[in-house]
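The block underneath contains the structure these notes are about, expressed in structure tokens.
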Amino acid sequence: MVVQVVLGESELNHLTSCCKGLEGLLEWLDSIDRRPGLAELDVRLAGLPVNVEELRKHIGYAEDGYQRNVLKKNENYELVAISWTPGQATPIHDHMGSDCAFLIVEGTSTETIYVTNSEGFAVPQSVRTYAAGEVCASSEPDIHRISNEESCELI
Numbered sequence: 063m064v065v066q067v068v069l070g071e072s073e074l075n076h077l078t079s080c081c082k083g084l085e086g087l088l089e090w091l092d093s094i095d096r097r098p099g100l101a102e103l104d105v106r107l108a109g110l111p112v113n114v115e116e117l118r119k120h121i122g123y124a125e126d127g128y129q130r131n132v133l134k135k136n137e138n139y140e141l142v143a144i145s146w147t148p149g150q151a152t153p154i155h156d157h158m159g160s161d162c163a164f165l166i167v168e169g170t171s172t173e174t175i176y177v178t179n180s181e182g183f184a185v186p187q188s189v190r191t192y193a194a195g196e197v198c199a200s201s202e203p204d205i206h207r208i209s210n211e212e213s214c215e216l217i
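Residue 154 in the numbering used here sits at position 92 of the sequence shown, with consecutive numbering throughout.
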């Protein structure tokens, strides 16, 4: 199960005032007035400074499933801080109609990539882990699942 929480404008303003990396990312996203490309997102997210302590004050963790903490959403992008406790995972999903790029802020993420077999079922093809500071970017046809297989929280 997924829980979604939308940050209010005042919360977002406070967070970005304490986290200049997020403030700069949002300024760039708002300035381009189009859907950003994966290569652009990879460059912007790699090395992005994030004030983890401040971010933690503005996000939560769901008890039953992971939590999507929506920082900002418009017609061109959705910026979300997703949080997992140990053992939590997304469902197997694709990104038809959108791209997915994320920076691991804290913890280690496990991405399982799936392919469709001859019967039309998604079967695991490969597994990759991403440590804090690494970026994962998936294009539209990718089918994957993100999980927290570690004993600590994941953002």
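The beta-carbon is built from N, C-alpha and C at its ideal position, and this holds for glycine as well.
Rounded to the nearest whole angstrom, the C-alpha separation of Lys-82 and Glu-181 is 48 Å. Using a Cβ distance threshold of 7 Å, Ser-160 and Ile-175 do not count as a contacting pair. Taking each of Cys-80, Ile-217, Val-167, Thr-172 in turn and checking the Cα distance to Trp-146, the smallest one comes out for Ile-217.
Per the C-alpha coordinates, the member of Ser-171, Ile-205, Val-167 positioned closest to Val-185 is Ile-205. A distance below 7 Å between beta-carbons, with the five flanking residues on each side excluded, links Val-167 to the following residues of its chain, in chain order: Val-112, Val-114, Leu-117, Ala-194, Ile-217.
In this structure Ile-94 is exposed. Its beta-carbon is surrounded by fewer than 16 other beta-carbon atoms within 10 angstroms. For the pair Cys-214 and Ala-124, the Cα-to-Cα distance works out to about 14 Å.
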